[in-house]
Amino acid sequence: MAVEPTDPLVRATIAAREAPVPPEWPRVAAAIRERVRGVIVPAAPVLARTAPDGALTFVSTRVVVAVLRARLTGPDFVVSGLDLDVDRARLLAARVTVVVRFGVVLDEVADAVRATTEATLAELLPDADPAPVAVHVADVVEGDPRR
Amino acid sequence: MTEGERDAPSDEALVRAARLGDQEAFGAIVERHGPWMYRYATRLVHGSHADAAEVTQEAFVSAWRGLDRFEGRSSLRTWLFRLVHRRAVDLARHKRATPVDDALLAHLVRPSTENPLQSLLDGELLDALQHALDELPWNQRAAWLLREVEGLSYAEIAEALSMPVGAVRGHLHRGRRTVAERMARWR
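Quick note, the sequences are listed as chains V and P, same order. Residues in the first sequence are numbered consecutively from 1, following the UniProt record's numbering. Residues in the second sequence are numbered consecutively from 1, following the UniProt record's numbering.
Pasting the structure below:
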């Protein structure tokens, strides 16, 4: 049988340490998620399409980043940065920063990342001039870089 | 460590994804660390759940906006404690003193079906501890909570409270002495 500490301060400290998650926490967490959804992330419009009648369609860089983030995934790398250089609604360049699993051929990972990025940009911004895509390997780690 | 915990993404992986705007990853950070931030905030702001909720919300919104500023020099947990502490300081500066509601702390004690008398006693001790903490100056209270309840190292507390390690030792020493004096009558 475990011996209960008799010192009141020790007992109180242990009780404080072992206190369960407060019951109102889920409400607080939901409020945090709601607030985060409402935070406006800085973004810029990028020209995506010019219709024959001259009508222009723009796509936010926030959308481009979200789609790239979803597509740029693999067992050997993880994306840690996506920077889009936009000037006057034109995409001038893209830079993808990745963390790569130790032991893989870096050039192959970089080529795959670049190809996916270029294809995605072409799909999202069909009428934009192709922008150069730079891939930056920021780190090499043991094990699954996604974890 | 459970299988689920082993498979769970690391804090570093969640921060990387959240920096790219992944709200699900940030939600996972909130779920992982939020309860302890909220608990710390509650004790720091004299047991007021409304104030603690505000402080915790503001801290996590700051974290979301400022993930790029998280350099990884400290752990994510320490960084979040730092943000909670700052928001609590902000709140205290702009708010009048509020009385402690003893009933608010009653639920913080883990209920024991085996020994209800013991649970009751622990509840009273915890109330007494909160009263003792409320009497401490701000930095002593924060240092005591981060060390004794949250288990941070001196270096981590220094990071969270933005002060040198020597100052942490001083605050902790004085805080421990005062809390021990206040709790002595329960012996």
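By construction, the Cβ of each residue, glycine as well, lies at the ideal position given by its N, Cα and C atoms.
What alpha helix (DSSP H) runs, 4 residues minimum, are completely inside the segment 73-137 of chain V? 106-124
Find the nearest neighbour of residue 150(P) within the set 11(V), 18(V) and 6(V), judged by alpha-carbon distance. Taking the second sequence and counting its residues from 1, one reaches residue 150(P) at position 150. Nearest option by C-alpha distance: 18(V).
So does the segment 156-165 of chain P actually touch the segment 44-51 of chain V, counting three or more Cβ pairs closer than 8 Å? no
Does DSSP classify residue 70(P) as helix, strand or coil? By 1-based counting over the second sequence, the position of residue 70(P) is 70. In the three-state reduction of the DSSP assignment, residue 70(P) falls in the coil class.
Alpha carbons only, please: which of 39(P), 14(P), 186(P) and 78(P) is nearest the one belonging to residue 21(V)? Residue 21(V) sits at position 21 when you count from the first residue of the first sequence. Of the listed residues, the one whose Cα sits closest to residue 21(V) is 39(P).
Using a Cβ-Cβ cut-off of 8 Å (strictly less than) and excluding sequence neighbours within five positions of residue 136(V), which residues of its own chain qualify? Position 136 of the first sequence, counted from the start, is the residue given in the question as residue 136(V). Correct list, in chain order: 81, 95, 96, 97 and 98.
Can you tell me which of 55(P), 141(P) and 62(P) puts its alpha carbon nearest to the alpha carbon of residue 35(P)? Taking the first residue of the second sequence as 1, we reach residue 35(P) at position 35. Closest option to residue 35(P), judged by alpha-carbon separation, among 55(P), 141(P) and 62(P): 55(P).
Which residue comes first and which comes last in the alpha helix (DSSP H) that contains residue 10(P)? Position 10 of the second sequence holds residue 10(P). Per DSSP, residue 10(P) belongs to no alpha helix (DSSP H) and is neither H nor E.
Sub-8 Å separation of residue 16(V) and residue 44(P) beta-carbons: Numbered from 1 along the first sequence, position 16 holds the residue referred to as residue 16(V). Numbered from 1 along the second sequence, position 44 holds the residue referred to as residue 44(P). No, Cβ-Cβ distance for residue 16(V) and residue 44(P) is not below 8 Å.
Roughly how far, in whole angstroms, is the beta-carbon of residue 87(P) from the beta-carbon of residue 59(P), given that I think they are within contact range, below 8 Å? The sequence position of residue 87(P) within the second sequence is 87, counting from 1. The sequence position of residue 59(P) within the second sequence is 59, counting from 1. With 8 Å as the limit, residue 87(P) and residue 59(P) qualify as a contact, their Cβ atoms being about 5 Å apart.
Would you mind telling me which residues of chain P sit closer than 7 Å to residue 29(V), beta carbon to beta carbon, in chain order? Position 29 of the first sequence holds residue 29(V). Here the neighbours are 30, 31 and 34.
Could you check what DSSP says for residue 17(P) in three-state terms: helix, strand or coil? In the second sequence, counting from the first residue as 1, residue 17(P) sits at position 17. Note: residue 17(P) maps to helix in three-state DSSP.
Going along chain V in order, which residues have a C-beta closer than 7 Å to the C-beta of residue 147(P)? Walking along the second sequence from the start, residue 147(P) turns up at place 147. Within 7 Å of the CB of residue 147(P), no CB atom of chain V is found; the nearest one sits about 10 Å away.
Express the C-alpha separation of residue 47(P) and residue 92(P) in angstroms, rounding to a whole number. Within the second sequence, the letter at position 92 stands for residue 92(P). Within the second sequence, the letter at position 47 stands for residue 47(P). Approximately 13 Å between the Cα atoms of the pair.
Just tell me which of 101(V), 24(V), 28(V) and 92(V) has its CA closest to the CA of residue 132(V). Here residue 132(V) refers to the residue found at position 132 when the first sequence is read from its first residue. For the residues 101(V), 24(V), 28(V) and 92(V), the minimum Cα distance to residue 132(V) belongs to 92(V).
Is residue 81(P) close to chain V, meaning its C-beta is less than 8 Å from at least one C-beta of that chain? As a first step, residue 81(P) is located in the second sequence; it is residue number 81 there, counting from the start. With 8 Å as the cut-off, residue 81(P) does not count as an interface residue toward chain V.
Helix or strand or just coil, what does DSSP make of residue 160(P)? Here residue 160(P) refers to the residue found at position 160 of the second sequence. Helix at residue 160(P).
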